[in-house]
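**Student:** Chains as they are written, first to last, in my numbering: chain W, 302 to 731; chain S, 555 to 871.
Backbone N, C-alpha and C fix where the C-beta goes; we use that ideal spot for every residue, glycine too.
Shown below is the structure under consideration.
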């Protein structure tokens, strides 16, 4: 066809269904940040970005033999559908795991899910109508915010400090919502080794938080994937251990065994559990039997408590490498949290530096992190970055932080050149 | 039946356009695969030279976007290896990839291009950013468009409507490169004109008119299916469409480009096409404009890729 011919009247939009998507899909678009993370996965980059567990520390031969035998000996059930509530034997084992955090539970109170991410989705699905308020820490886990956003929740952030969620701030947030005629549907909290902030809710605050929520009639969703990965002493007492009716507890084997098996769970009061089972049925019919039985066998036949200790030792060494490198190399004006477990350090950059704007330069310098804006529903958090130390070896961590420090120094120089107002999206930590 | 034994599609890279490049690369590979060509996707990494030496391909289809893919570097290496490849030679890539250089060459050839300045980061540092920014606004006026001097997919690029927005836009641009191209924003119809040479000399393809939604033709608008409307051919009077085609052909020719290119233009109210930039490794994704133009011109996508590879193989390495 030659140019200049009779134009076509109708535009081509590539996606013929563009006018038919639900309102909640409007925000599902290609993003620069996601594109940048495609680079972060390359081995040339020191990635302090994704929160992936170090599964290479697992006894892979033993796990492989175990899964092989599972299929050989129990294939008729491992390769078959199961119930939406999940395998009963696995649910019994989950009770043993939760007992480490002082939770007394019955297997019937548990719903197995595809990672705790699906539990988050199901909880939000059964509680949240568009526009409903959900309370979450500031910052909060990006996957939870994604689930809340998908159901068009209005997320109200509640301030934290180095001891986790601040009870007074929670009271204020509940009060403000009430004054506006809104009753929050639940409080979402990651009390242990917070993702992304790295802080832990102090023991002395836990009963206070539960009491505030009980008085307000506010359900607590306690998301605890890292609780057994503390570096010092015994695991913290779970919120659920002190309030069986007011807390839905979410657990996961992603960090204590393997993220790839995608097995998590929700421990919920009976009425909520029933709705979760029905919601799970409509979502997936039932959860993957093979994964569930693999985890059940792992807990029954492998030294899983010792394996958690192995993980803890590895992550503690990497945490130390991170903190040492930060202390040695970061330019003045940076500060960071000091996690006592889990995967994450929360870095606060000097005034006027935006971690999102800085990311492409960091990737050019071959280091990756997650900008803080992803952890705030309101788009603030630009001065922060999440650093994850779970995957790189200690010497790679040090190299990554050396590169990052150099990038920050360049950003400081540019801030001084252009003035702090030029940095977009910079907001003080709430 | 094609005489191509084995084809390597190079995609990925470490630039911010990695994801786009992989999508382009997979699309090319799948089209070749569907036509029965033995095609593999490869990264430009430490395994590449070994694998190419072990099994030399008939030809390479470079689909790496951004630096190293479009600045000529990877083609230099392919030349050292003696492996034939689709597309322009390194020296032409270097000129085309550097937007200010391409603008200067296009302007010298008589094309209209928005007035602009090109400034490295050090210049703002050494002379004082505020003073330099005042000077830019005084000289070029407003609105402006700021982009990295090298790179694509609108990464680090954006419009500036007030002087107060300019520092943030320049800073954002410097995230993707150390030199900023700041040009006068021309309002009008945005079109992309592909040029393809299937053996009979370079021919312009129908102009693709780009009508982005709110927010302009940014990264999200480029790669979210449905977010941008395309009109092919562009809704231009015949004479204006011919001028746009001629501009793309001129850019392709004076920059010494080979096989294929895509020139981005803005057609102003008077019908004058303004040269913005030229791409030597245009996007081949399902939301990219070159495949749309090929389809409209009656060229099968896979057959076009094969023809370009055959021509490359015939040229030799």
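#1: For residue 608 of chain S, does the count of other Cβ atoms within 10 angstroms reach 16, so buried, or fall short, so exposed?
#2: Apart from the five residues on each side of it in sequence, which residues of its chain come closer than 8 Å, Cβ to Cβ, to residue 718 of chain W?
#3: Are there three or more Cβ pairs, one per stretch, closer than 8 Å when the stretch 719-737 of chain S is compared with the stretch 757-769 of chain S?
#4: At which residues does the beta strand (DSSP E) containing residue 462 of chain W begin and terminate?
#5: Closer than 6 Å: is that where the CB of residue 381 of chain W sits relative to any heavy atom of the ligand FMN?
#6: Taking only three categories from DSSP, how would you classify residue 639 of chain W?
#7: Name the two residues that bound the continuous beta strand (DSSP E) containing residue 686 of chain W.
#8: Taking C-beta to C-beta, are residue 827 of chain S and residue 851 of chain S nearer than 7 Å?
#9: Mind checking who residue 820 of chain S pairs with in its DSSP beta bridge?
#10: What residues match up with residue 713 of chain S in a beta bridge as DSSP calls it?
#11: Residue 727 of chain W to residue 774 of chain S, Cα distance in whole Å?
#12: Pop quiz: residue 860 of chain S and residue 558 of chain S are said to be a contact at Cβ under 8 Å. What is the actual Cβ separation, rounded to whole angstroms?
#13: How many Å lie between residue 687 of chain W and residue 436 of chain W at the Cα?
#14: Cβ of residue 466 of chain W within 7 Å of Cβ of residue 490 of chain W?
#15: Let me know if residue 302 of chain W comes out buried or exposed under the rule of 16 or more other beta-carbons within 10 Å of its beta-carbon.
#16: Tell me residue 738 of chain S's beta-bridge partners as DSSP assigns them.
#17: For residue 325 of chain W and chain S, any beta-carbon pair shorter than 7 Å?
#18: Can you give the Cα-Cα distance for residue 635 of chain W and residue 500 of chain W, rounded to whole angstroms?
#19: Could you check what DSSP says for residue 327 of chain W in three-state terms: helix, strand or coil?
#20: Work out the CA separation of residue 654 of chain W and residue 713 of chain W for me, nearest whole Å.
#21: Are there 16 or more other CB atoms within 10 angstroms of the CB of residue 546 of chain W, so buried, or fewer, so exposed?
#22: To be precise: take each residue of the stretch 673-706 of chain W, compare its Cβ to all Cβ atoms of chain S, and keep it if any distance is under 7 Å. Which residues remain?
#23: Could you check what DSSP says for residue 305 of chain W in three-state terms: helix, strand or coil?
#24: Kindly confirm or deny that the stretch 616-628 of chain W and the stretch 690-699 of chain W touch, where touching means at least three C-beta pairs closer than 8 Å.
#25: To the nearest angstrom, how far is it from the Cα of residue 819 of chain S to the Cα of residue 801 of chain S?
#26: Counting along the chain, where does the alpha helix (DSSP H) carrying residue 595 of chain W start and finish?
#27: Any beta-carbon of chain S closer than 7 Å to the one on residue 313 of chain W?
#28: When we look at the beta-carbon of residue 870 of chain S and count the other beta-carbons within 10 Å, is it buried (16 or more) or exposed?
#29: Evaluate residue 578 of chain S with the Cβ neighbour count: other Cβ atoms within 10 Å of its Cβ, from every protein chain shown; 16 or more gives buried, anything less gives exposed.
#30: Please confirm whether residue 553 of chain W and residue 416 of chain W have their CB atoms less than 7 Å apart.
#31: Can you name the residues of chain W whose CB is closer than 9 Å to the CB of residue 780 of chain S?
#32: Would you list, in sequence order, the uninterrupted alpha helix (DSSP H) runs of no fewer than 4 residues that lie entirely inside the stretch 746-788 of chain S?
#33: Within the continuous alpha helix (DSSP H) that includes residue 523 of chain W, where are the two ends?
#34: Do you know offhand how far residue 308 of chain W's Cα is from residue 864 of chain S's?
#35: Beta strand (DSSP E) containing residue 845 of chain S: first to last residue?
#36: Contact criterion: CB-CB distance below 7 Å. Does residue 679 of chain S meet it with respect to chain W?
**Tutor:** Looking at the coordinates:
#1: Translated into positions along the second chain, residue 608 of chain S becomes position 54. Around the beta carbon of residue 608 of chain S, fewer than 16 other beta carbons lie within 10 angstroms, which makes this residue exposed.
#2: By 1-based counting over the first chain, the position of residue 718 of chain W is 417. Cβ contact annotation for residue 718 of chain W (same chain, cutoff 8 Å, sequence separation greater than five): none.
#3: Because the criterion of three Cβ pairs below 8 Å is not met, the stretch 719-737 of chain S and the stretch 757-769 of chain S do not touch.
#4: Position 161 of the first chain, counted from the start, is the residue given in the question as residue 462 of chain W. Taken as a continuous stretch (DSSP letters only), the beta strand (DSSP E) holding residue 462 of chain W covers 455-462.
#5: No copy of the ligand FMN occurs in the structure displayed, which carries no ligand at all.
#6: Along the first chain, read from residue 1 onward, the residue named residue 639 of chain W stands at position 338. Coil at residue 639 of chain W, not helix or strand.
#7: Within the first chain, numbered from 1, the residue matching residue 686 of chain W stands at position 385. It spans 685-689 - the beta strand (DSSP E) in which residue 686 of chain W sits, taken as one unbroken run.
#8: Translated into the one-based positions of the second chain, residue 827 of chain S becomes position 273. Translated into the one-based positions of the second chain, residue 851 of chain S becomes position 297. For residue 827 of chain S and residue 851 of chain S, no; Cβs fall outside 7 Å.
#9: As a position in the second chain, residue 820 of chain S is number 266, starting the count at 1. Under DSSP, residue 820 of chain S shares a beta bridge with S:744, S:828.
#10: The residue you call residue 713 of chain S lines up with position 159 of the second chain. Residue pairing for residue 713 of chain S: DSSP places it in a beta bridge opposite S:699.
#11: Translated into positions along the first chain, residue 727 of chain W becomes position 426. Translated into positions along the second chain, residue 774 of chain S becomes position 220. A caution first: residue 727 of chain W carries a pLDDT of 35, below 50, which makes its placement in the model too unreliable to give a value.
#12: The residue given as residue 860 of chain S occupies position 306 in the second chain. The residue given as residue 558 of chain S occupies position 4 in the second chain. 7 Å between Cβ atoms; contact.
#13: The sequence position of residue 687 of chain W within the first chain is 386, counting from 1. The sequence position of residue 436 of chain W within the first chain is 135, counting from 1. Distance between the alpha carbons of residue 687 of chain W and residue 436 of chain W: 21 Å.
#14: Here residue 466 of chain W corresponds to residue number 165 of the first chain, with the count starting at 1. Here residue 490 of chain W corresponds to residue number 189 of the first chain, with the count starting at 1. For residue 466 of chain W and residue 490 of chain W, yes; Cβs fall inside 7 Å.
#15: For the purposes of this step, residue 302 of chain W is taken as residue 1 along the first chain, with counting starting at 1. Only weak support exists for where residue 302 of chain W lies, its pLDDT of 40 falling under 50; the value from the coordinates is given anyway. Exposed is the call here.
#16: Within the second chain, numbered from 1, the residue matching residue 738 of chain S stands at position 184. Looking at the DSSP assignment, residue 738 of chain S forms a beta bridge with S:698.
#17: On the first chain, residue 325 of chain W is found 24 positions in, with the first residue counted as 1. Interface criterion not met: the Cβ of residue 325 of chain W is under 7 Å from no Cβ in chain S.
#18: Here residue 635 of chain W refers to the residue found at position 334 when the first chain is read from its first residue. Here residue 500 of chain W refers to the residue found at position 199 when the first chain is read from its first residue. So the two alpha carbons sit approximately 17 Å from each other.
#19: Numbered from its first residue, the first chain carries residue 327 of chain W at position 26. For residue 327 of chain W, the three-state secondary structure derived from DSSP is coil.
#20: Numbered from 1 along the first chain, position 412 holds the residue referred to as residue 713 of chain W. Numbered from 1 along the first chain, position 353 holds the residue referred to as residue 654 of chain W. Rounded to whole angstroms, residue 713 of chain W and residue 654 of chain W show a C-alpha spacing of 7 Å.
#21: As a position in the first chain, residue 546 of chain W is number 245, starting the count at 1. Per the 10 Å Cβ criterion, exposed.
#22: Here the close residues number zero.
#23: Position 4 of the first chain, counted from the first residue, corresponds to residue 305 of chain W. Since pLDDT at residue 305 of chain W reaches only 44, below the 50 mark, its modelled position is unreliable, and no value is offered.
#24: Contact holds: three or more Cβ-Cβ distances are below 8 Å.
#25: Position 265 of the second chain, counted from the first residue, corresponds to residue 819 of chain S. Position 247 of the second chain, counted from the first residue, corresponds to residue 801 of chain S. Taking the Cα positions, residue 819 of chain S is about 9 Å away from residue 801 of chain S.
#26: Counted from its first residue, the first chain places residue 595 of chain W at position 294. Start and end: 590-602.
#27: Taking the first chain and counting its residues from 1, the one referred to as residue 313 of chain W is at position 12. For residue 313 of chain W, the answer is yes, since a Cβ of chain S falls inside 7 Å of its Cβ.
#28: Your numbering for residue 870 of chain S matches position 316 in the second chain. Exposed.
#29: Sequence index remark: in the second chain, residue 578 of chain S carries index 24 (1-based). Under this definition residue 578 of chain S is a buried residue.
#30: One-based indexing of the first chain puts residue 553 of chain W at position 252. One-based indexing of the first chain puts residue 416 of chain W at position 115. Contact flag set, yes.
#31: As a working mapping, residue 780 of chain S is identified with position 226 in the second chain. Correct list: 314, 315, 316, 317, 318, 319, 320, 322.
#32: Runs found: 773-777.
#33: If you number the first chain from 1, residue 523 of chain W lands on position 222. Counted as a single uninterrupted DSSP element, the stretch harbouring residue 523 of chain W is not any alpha helix (DSSP H) but the beta strand (DSSP E) occupying residues 520-524.
#34: Position 7 of the first chain holds residue 308 of chain W. Position 310 of the second chain holds residue 864 of chain S. Note on residue 308 of chain W: pLDDT 47, under 50, position unreliable in the model; no value is reported.
#35: As a position in the second chain, residue 845 of chain S is number 291, starting the count at 1. Residue 845 of chain S -> not in any beta strand (DSSP E); alpha helix (DSSP H) instead, spanning 843-850.
#36: The residue labelled residue 679 of chain S in the question sits at position 125 within the second chain. Interface residue, yes.
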